[in-house]
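Since the structure comes first, as C-alpha coordinates, the remarks are kept for the end.
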Amino acid sequence: MAFEPRQTSVVTSVRGKAARIGRGLELWLEEERERLPLWVPVALAIGIAAWFVLPNRLEWLAFCCAMLAAACGALLLPPGGRMRRAIIAGGLLACAGCLLVWGKSMMLGSPPLARPTFVALKGEVRSVERLPAQRMSRVLVRPIGMPALPSLVRVNLDDASMPAGVGEGAIIAFRTRLMPPAPPSLPGGYDFARRAYFEGIGATGRALPPVAVLRPATAAPRLRTRLFEHVLERVPGKGAGIAAALATGDQGAIAQADAEAMRRSGLAHLLSISGLHVTALIAAVIFLLMRMMALSRRAALDRPLMLVAAGGGALAGIGYTLLTSAL
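The UniProt record's numbering puts the sequence shown at residues 1 to 327.
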(Lines of atoms letter the chains of each structure in order from A and count residues from 1; the text may use other names and numbers.)
(Lines give C-alpha, C1' and ligand atoms only; values in the text may rest on other atoms or scores of the structure.)
Protein backbone atom coordinates (compact mmCIF):
# COMPACT_ATOMS: atom_id res chain seq x y z
CA MET A 1 0.00 0.00 0.00
CA ALA A 2 2.98 2.32 0.56
CA PHE A 3 4.03 2.03 -3.10
CA GLU A 4 0.94 3.57 -4.70
CA PRO A 5 1.05 6.97 -2.96
CA ARG A 6 4.76 7.28 -3.79
CA GLN A 7 4.07 6.58 -7.47
CA THR A 8 1.18 9.01 -7.50
CA SER A 9 3.37 11.67 -5.91
CA VAL A 10 6.05 11.31 -8.61
CA VAL A 11 3.51 11.47 -11.44
CA THR A 12 1.84 14.48 -9.87
CA SER A 13 5.20 16.23 -9.48
CA VAL A 14 6.12 15.62 -13.12
CA ARG A 15 2.73 16.83 -14.31
CA GLY A 16 3.05 19.92 -12.15
CA LYS A 17 6.47 20.78 -13.55
CA ALA A 18 5.26 20.19 -17.11
CA ALA A 19 2.27 22.43 -16.48
CA ARG A 20 4.50 25.19 -15.09
CA ILE A 21 6.83 24.94 -18.08
CA GLY A 22 3.84 25.08 -20.42
CA ARG A 23 2.43 28.15 -18.68
CA GLY A 24 5.85 29.81 -18.82
CA LEU A 25 6.13 29.18 -22.55
CA GLU A 26 2.61 30.44 -23.14
CA LEU A 27 3.41 33.60 -21.17
CA TRP A 28 6.62 34.12 -23.14
CA LEU A 29 4.81 33.63 -26.46
CA GLU A 30 2.15 36.09 -25.38
CA GLU A 31 4.80 38.69 -24.57
CA GLU A 32 6.52 38.07 -27.91
CA ARG A 33 3.34 37.92 -29.98
CA GLU A 34 4.26 40.97 -32.10
CA ARG A 35 7.62 39.40 -33.05
CA LEU A 36 6.41 35.87 -33.70
CA PRO A 37 6.00 36.44 -37.49
CA LEU A 38 9.76 37.01 -37.65
CA TRP A 39 10.20 33.29 -37.01
CA VAL A 40 8.47 32.38 -40.28
CA PRO A 41 11.65 32.73 -42.44
CA VAL A 42 13.62 30.95 -39.70
CA ALA A 43 11.33 27.92 -39.90
CA LEU A 44 11.57 27.92 -43.70
CA ALA A 45 15.37 28.20 -43.47
CA ILE A 46 15.48 25.18 -41.15
CA GLY A 47 13.74 23.10 -43.81
CA ILE A 48 16.03 24.42 -46.55
CA ALA A 49 19.13 23.75 -44.45
CA ALA A 50 17.91 20.21 -43.74
CA TRP A 51 17.74 19.53 -47.49
CA PHE A 52 21.36 20.62 -47.94
CA VAL A 53 22.65 18.76 -44.88
CA LEU A 54 20.83 15.45 -45.33
CA PRO A 55 22.47 13.30 -48.03
CA ASN A 56 19.61 11.60 -49.90
CA ARG A 57 15.93 11.77 -50.69
CA LEU A 58 14.96 9.12 -48.14
CA GLU A 59 16.26 11.34 -45.35
CA TRP A 60 14.57 14.38 -46.90
CA LEU A 61 11.31 12.46 -46.87
CA ALA A 62 11.92 11.37 -43.27
CA PHE A 63 12.50 15.00 -42.25
CA CYS A 64 9.26 16.11 -43.90
CA CYS A 65 7.36 13.28 -42.19
CA ALA A 66 8.88 14.21 -38.82
CA MET A 67 7.83 17.85 -39.22
CA LEU A 68 4.30 16.82 -40.23
CA ALA A 69 4.17 14.44 -37.25
CA ALA A 70 5.18 17.28 -34.93
CA ALA A 71 2.45 19.47 -36.39
CA CYS A 72 -0.13 16.71 -36.02
CA GLY A 73 1.05 15.96 -32.48
CA ALA A 74 0.51 19.59 -31.54
CA LEU A 75 -3.19 19.09 -32.26
CA LEU A 76 -3.35 17.09 -29.01
CA LEU A 77 -2.39 20.16 -26.97
CA PRO A 78 -5.16 22.24 -25.39
CA PRO A 79 -6.82 24.40 -28.04
CA GLY A 80 -6.52 28.17 -27.97
CA GLY A 81 -2.88 28.32 -26.82
CA ARG A 82 -0.10 30.01 -28.76
CA MET A 83 2.23 27.05 -28.18
CA ARG A 84 -0.13 24.79 -30.10
CA ARG A 85 -0.32 27.17 -33.04
CA ALA A 86 3.45 27.82 -33.00
CA ILE A 87 4.34 24.12 -33.18
CA ILE A 88 1.83 23.51 -35.96
CA ALA A 89 3.03 26.50 -37.99
CA GLY A 90 6.72 25.71 -37.38
CA GLY A 91 6.38 22.10 -38.45
CA LEU A 92 4.44 22.98 -41.59
CA LEU A 93 6.85 25.79 -42.54
CA ALA A 94 9.95 23.62 -42.03
CA CYS A 95 8.37 20.91 -44.18
CA ALA A 96 7.46 23.53 -46.79
CA GLY A 97 11.06 24.84 -46.85
CA CYS A 98 12.47 21.38 -47.49
CA LEU A 99 9.88 20.67 -50.19
CA LEU A 100 10.51 24.08 -51.76
CA VAL A 101 14.22 23.60 -52.33
CA TRP A 102 13.65 19.94 -53.25
CA GLY A 103 11.18 20.95 -55.94
CA LYS A 104 13.49 23.70 -57.21
CA SER A 105 16.35 21.23 -57.50
CA MET A 106 14.17 18.91 -59.58
CA MET A 107 12.84 21.68 -61.84
CA LEU A 108 16.03 23.70 -62.34
CA GLY A 109 18.82 21.31 -61.42
CA SER A 110 20.77 19.53 -64.11
CA PRO A 111 22.72 16.32 -63.42
CA PRO A 112 26.42 16.70 -64.26
CA LEU A 113 28.31 14.91 -66.97
CA ALA A 114 29.10 11.36 -65.87
CA ARG A 115 32.76 11.38 -66.96
CA PRO A 116 35.18 13.50 -69.01
CA THR A 117 34.64 13.22 -72.74
CA PHE A 118 36.06 14.68 -75.95
CA VAL A 119 33.35 15.76 -78.41
CA ALA A 120 32.70 17.83 -81.49
CA LEU A 121 29.97 20.08 -80.17
CA LYS A 122 27.35 22.07 -82.00
CA GLY A 123 25.10 24.35 -80.01
CA GLU A 124 23.28 27.61 -79.53
CA VAL A 125 24.96 30.37 -77.55
CA ARG A 126 22.88 31.40 -74.54
CA SER A 127 25.22 34.02 -73.10
CA VAL A 128 28.75 35.39 -73.47
CA GLU A 129 30.71 36.71 -70.48
CA ARG A 130 33.83 38.62 -71.45
CA LEU A 131 36.96 38.29 -69.30
CA PRO A 132 39.41 40.77 -70.84
CA ALA A 133 41.89 40.41 -67.96
CA GLN A 134 42.25 36.70 -68.79
CA ARG A 135 41.99 37.27 -72.57
CA MET A 136 39.06 34.94 -72.96
CA SER A 137 35.27 34.71 -72.75
CA ARG A 138 32.96 32.29 -70.98
CA VAL A 139 30.33 31.03 -73.38
CA LEU A 140 27.20 29.23 -72.24
CA VAL A 141 26.08 26.80 -74.95
CA ARG A 142 22.95 24.68 -75.35
CA PRO A 143 23.94 21.55 -77.31
CA ILE A 144 21.87 20.77 -80.40
CA GLY A 145 21.15 17.18 -81.40
CA MET A 146 23.31 15.68 -78.65
CA PRO A 147 21.00 14.10 -76.05
CA ALA A 148 23.92 12.45 -74.22
CA LEU A 149 25.22 15.85 -73.12
CA PRO A 150 23.76 18.07 -70.38
CA SER A 151 21.27 20.74 -71.35
CA LEU A 152 23.81 23.54 -70.78
CA VAL A 153 27.58 23.52 -71.22
CA ARG A 154 29.98 26.31 -70.25
CA VAL A 155 33.20 26.60 -72.25
CA ASN A 156 36.10 29.03 -72.19
CA LEU A 157 36.94 30.58 -75.54
CA ASP A 158 40.25 32.42 -76.05
CA ASP A 159 39.97 35.90 -77.53
CA ALA A 160 42.48 34.94 -80.23
CA SER A 161 40.22 32.07 -81.34
CA MET A 162 36.89 33.89 -81.01
CA PRO A 163 35.42 34.66 -84.43
CA ALA A 164 33.06 37.51 -85.22
CA GLY A 165 29.37 36.86 -84.78
CA VAL A 166 29.57 34.94 -81.50
CA GLY A 167 26.79 36.28 -79.30
CA GLU A 168 23.48 35.39 -77.76
CA GLY A 169 21.45 33.34 -80.24
CA ALA A 170 24.40 32.34 -82.45
CA ILE A 171 24.98 28.71 -83.44
CA ILE A 172 28.60 27.61 -83.27
CA ALA A 173 30.56 24.38 -83.71
CA PHE A 174 33.88 23.44 -82.14
CA ARG A 175 35.83 20.62 -80.54
CA THR A 176 36.21 20.48 -76.78
CA ARG A 177 37.04 18.23 -73.85
CA LEU A 178 34.17 18.42 -71.38
CA MET A 179 34.52 17.81 -67.66
CA PRO A 180 31.97 17.59 -64.83
CA PRO A 181 31.79 20.80 -62.73
CA ALA A 182 34.65 20.86 -60.24
CA PRO A 183 33.90 20.07 -56.57
CA PRO A 184 35.41 22.16 -53.73
CA SER A 185 39.21 22.04 -53.67
CA LEU A 186 39.19 22.36 -49.87
CA PRO A 187 36.67 21.17 -47.26
CA GLY A 188 34.12 23.92 -46.82
CA GLY A 189 35.48 25.83 -49.82
CA TYR A 190 33.61 27.32 -52.76
CA ASP A 191 31.42 24.63 -54.31
CA PHE A 192 31.12 25.41 -58.01
CA ALA A 193 29.48 22.04 -58.66
CA ARG A 194 26.54 22.95 -56.42
CA ARG A 195 26.13 26.34 -58.06
CA ALA A 196 26.36 24.80 -61.53
CA TYR A 197 23.72 22.21 -60.61
CA PHE A 198 21.15 24.88 -59.76
CA GLU A 199 22.09 26.97 -62.80
CA GLY A 200 21.56 23.97 -65.08
CA ILE A 201 25.23 23.74 -66.13
CA GLY A 202 26.22 20.10 -66.45
CA ALA A 203 29.73 20.35 -67.92
CA THR A 204 32.61 22.75 -68.44
CA GLY A 205 35.52 22.82 -70.84
CA ARG A 206 37.67 24.85 -73.22
CA ALA A 207 36.80 25.32 -76.87
CA LEU A 208 39.61 24.28 -79.21
CA PRO A 209 40.21 26.25 -82.41
CA PRO A 210 38.91 26.58 -84.98
CA VAL A 211 35.44 27.74 -83.88
CA ALA A 212 32.92 27.82 -86.72
CA VAL A 213 29.98 30.23 -86.65
CA LEU A 214 27.10 28.45 -88.40
CA ARG A 215 24.63 31.26 -87.66
CA PRO A 216 25.81 34.63 -86.35
CA ALA A 217 24.06 36.41 -83.54
CA THR A 218 21.28 38.67 -84.77
CA ALA A 219 20.22 40.34 -81.52
CA ALA A 220 22.10 43.38 -80.26
CA PRO A 221 24.23 42.89 -77.13
CA ARG A 222 22.53 43.60 -73.84
CA LEU A 223 22.76 47.08 -72.34
CA ARG A 224 25.05 45.79 -69.60
CA THR A 225 27.47 44.35 -72.17
CA ARG A 226 27.46 47.54 -74.24
CA LEU A 227 28.09 49.68 -71.16
CA PHE A 228 30.88 47.33 -70.04
CA GLU A 229 32.67 47.63 -73.37
CA HIS A 230 32.08 51.39 -73.51
CA VAL A 231 33.74 51.92 -70.11
CA LEU A 232 36.74 49.80 -71.12
CA GLU A 233 37.18 51.86 -74.28
CA ARG A 234 36.85 55.26 -72.60
CA VAL A 235 38.72 54.79 -69.31
CA PRO A 236 42.51 54.56 -69.74
CA GLY A 237 44.93 52.43 -67.73
CA LYS A 238 44.35 49.71 -65.16
CA GLY A 239 41.45 51.60 -63.61
CA ALA A 240 39.22 50.65 -66.54
CA GLY A 241 38.47 47.21 -65.09
CA ILE A 242 37.53 48.62 -61.69
CA ALA A 243 35.39 51.34 -63.28
CA ALA A 244 33.59 48.76 -65.40
CA ALA A 245 32.98 46.60 -62.32
CA LEU A 246 31.45 49.51 -60.40
CA ALA A 247 29.30 50.52 -63.38
CA THR A 248 28.05 47.08 -64.41
CA GLY A 249 28.98 44.61 -61.67
CA ASP A 250 31.14 42.63 -64.13
CA GLN A 251 34.62 42.02 -62.67
CA GLY A 252 35.98 40.18 -65.71
CA ALA A 253 38.26 43.06 -66.78
CA ILE A 254 40.11 43.35 -63.44
CA ALA A 255 43.63 41.97 -63.67
CA GLN A 256 44.54 39.13 -61.34
CA ALA A 257 47.26 41.22 -59.66
CA ASP A 258 44.81 44.05 -58.97
CA ALA A 259 42.16 41.65 -57.68
CA GLU A 260 44.70 40.01 -55.35
CA ALA A 261 45.83 43.43 -54.10
CA MET A 262 42.21 44.36 -53.36
CA ARG A 263 41.72 41.11 -51.45
CA ARG A 264 44.89 41.58 -49.40
CA SER A 265 43.93 45.14 -48.52
CA GLY A 266 40.43 44.11 -47.44
CA LEU A 267 38.74 46.19 -50.16
CA ALA A 268 37.56 43.40 -52.46
CA HIS A 269 33.99 43.71 -51.18
CA LEU A 270 33.80 47.19 -52.74
CA LEU A 271 33.93 45.62 -56.21
CA SER A 272 30.74 43.61 -55.64
CA ILE A 273 27.55 45.58 -56.15
CA SER A 274 25.75 45.81 -52.82
CA GLY A 275 23.45 48.06 -50.84
CA LEU A 276 26.34 50.49 -50.33
CA HIS A 277 26.63 51.19 -54.06
CA VAL A 278 22.87 51.41 -54.60
CA THR A 279 22.48 53.76 -51.62
CA ALA A 280 25.29 56.01 -52.86
CA LEU A 281 23.70 56.19 -56.32
CA ILE A 282 20.25 56.99 -54.90
CA ALA A 283 21.70 59.72 -52.67
CA ALA A 284 23.59 61.26 -55.60
CA VAL A 285 20.50 61.23 -57.84
CA ILE A 286 18.34 62.81 -55.12
CA PHE A 287 20.96 65.52 -54.51
CA LEU A 288 21.31 66.35 -58.22
CA LEU A 289 17.56 66.38 -58.84
CA MET A 290 16.99 68.66 -55.85
CA ARG A 291 19.65 71.08 -57.08
CA MET A 292 18.43 71.07 -60.67
CA MET A 293 14.75 71.51 -59.83
CA ALA A 294 15.56 74.26 -57.33
CA LEU A 295 16.87 76.36 -60.23
CA SER A 296 13.23 76.94 -61.15
CA ARG A 297 11.65 79.43 -58.75
CA ARG A 298 8.15 78.22 -59.52
CA ALA A 299 9.06 74.58 -58.94
CA ALA A 300 10.90 75.42 -55.72
CA LEU A 301 7.91 77.31 -54.30
CA ASP A 302 4.98 75.25 -55.58
CA ARG A 303 6.21 71.66 -56.02
CA PRO A 304 7.21 68.97 -53.48
CA LEU A 305 10.79 68.77 -54.69
CA MET A 306 11.90 66.25 -52.08
CA LEU A 307 9.11 63.85 -53.03
CA VAL A 308 9.91 64.13 -56.74
CA ALA A 309 13.64 63.72 -56.11
CA ALA A 310 13.04 60.69 -53.89
CA GLY A 311 10.93 59.11 -56.64
CA GLY A 312 13.69 59.72 -59.16
CA GLY A 313 16.25 58.24 -56.78
CA ALA A 314 14.11 55.15 -56.27
CA LEU A 315 13.78 54.63 -60.03
CA ALA A 316 17.53 55.09 -60.46
CA GLY A 317 18.21 52.53 -57.72
CA ILE A 318 15.88 49.99 -59.31
CA GLY A 319 17.42 50.54 -62.74
CA TYR A 320 20.97 50.22 -61.40
CA THR A 321 20.08 47.01 -59.58
CA LEU A 322 18.56 45.50 -62.72
CA LEU A 323 21.49 46.68 -64.86
CA THR A 324 24.11 45.11 -62.62
CA SER A 325 22.06 41.93 -62.07
CA ALA A 326 22.34 42.47 -58.31
CA LEU A 327 18.87 41.04 -57.62
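Using N, Cα and C, we set each Cβ at its ideal position, and we do this for glycine too.
Next item on the list: Can you say whether THR218 is buried or exposed, counting buried as having 16 or more other CB atoms within 10 angstroms of its CB?
Entry: exposed
Notebook entry, point to check: What residues in its chain sit with their C-beta under 6 Å from that of LEU116, if we drop five residues either side in the sequence?
Noted result: One point to set straight first is that residue 116 is Pro, not Leu, in the sequence displayed. Cβ within range, chain order: MET179.
Note to self: Going by DSSP in three states, ILE171 sits in which element: helix, strand or coil?
What the structure shows: ILE171: strand per DSSP, three-state reduction.
Checklist line | Straight-line Cα distance separating CYS98 from GLU32 | finding: 26 Å
Next item on the list: Could you check what DSSP says for THR117 in three-state terms: helix, strand or coil?
Entry: strand
Checklist line | Runs of alpha helix (DSSP H) lying entirely within the region 61-121, each at least 4 residues, in chain order | finding: 82-108
Check: For the candidate residues GLY81, ASP158, GLY47 and ALA70, whose alpha-carbon lies nearest to that of TRP28?
Finding: GLY81
Next item on the list: Could you say which of CYS72, LEU121, PRO184 and ALA133 lies nearest to residue 329 if we only look at CA atoms?
Entry: Outside the displayed span of the chain (1 to 327) sits residue 329, for which this structure offers no information.
Next item on the list: Measure the C-alpha to C-alpha separation of GLU129 and SER296 and round it to an integer number of angstroms.
Entry: 45 Å
Item checked: Beta-carbon contacts of PRO209 that lie in its chain and below 7 Å, excluding the five residues immediately before and after -> SER161
Check: Can you check whether the CB of ARG154 is closer than 9 Å to the CB of ALA203?
Finding: yes
Notebook entry, point to check: Under a Cβ-count criterion, where at least 16 other Cβ atoms within 10 Å of its own Cβ denotes burial, should LEU315 be classed as buried or exposed?
Noted result: exposed
Margin query: Among TYR197, ALA244, ARG206 and ALA196, whose alpha-carbon lies nearest the alpha-carbon of ARG138?
Written below: ARG206
Notebook entry, point to check: Taking all protein chains shown into account, do 16 or more other C-beta atoms lie within 10 angstroms of the C-beta of ALA253, making it buried, or fewer, making it exposed?
Noted result: Residue environment: ALA253 is assigned as buried (16 or more neighbouring CB atoms within 10 Å of its CB, all protein chains considered).
Check: Hey, ALA71 and ILE88: beta-carbon distance below 9 Å or not?
Finding: yes
Notebook entry, point to check: Leaving out five residues before and five after ALA310 in sequence, what residues of the same chain have Cβ atoms less than 7 Å from its Cβ?
Noted result: ILE286
Note to self: Check whether chain D comes within 9 Å of ALA114, counting only Cβ atoms and requiring the distance to be less than that.
What the structure shows: Any reference to chain D falls outside this structure, which holds one protein chain only.
Next item on the list: Throw me the rounded Cβ distance for the ALA299 and LEU307 pair, which I believe falls under 8 Å.
Entry: In fact, because the Cβ distance is near 12 Å, the residues do not count as touching under 8 Å.
Checklist line | Length of the line joining the Cα atoms of LEU232 and ALA245 | finding: 10 Å
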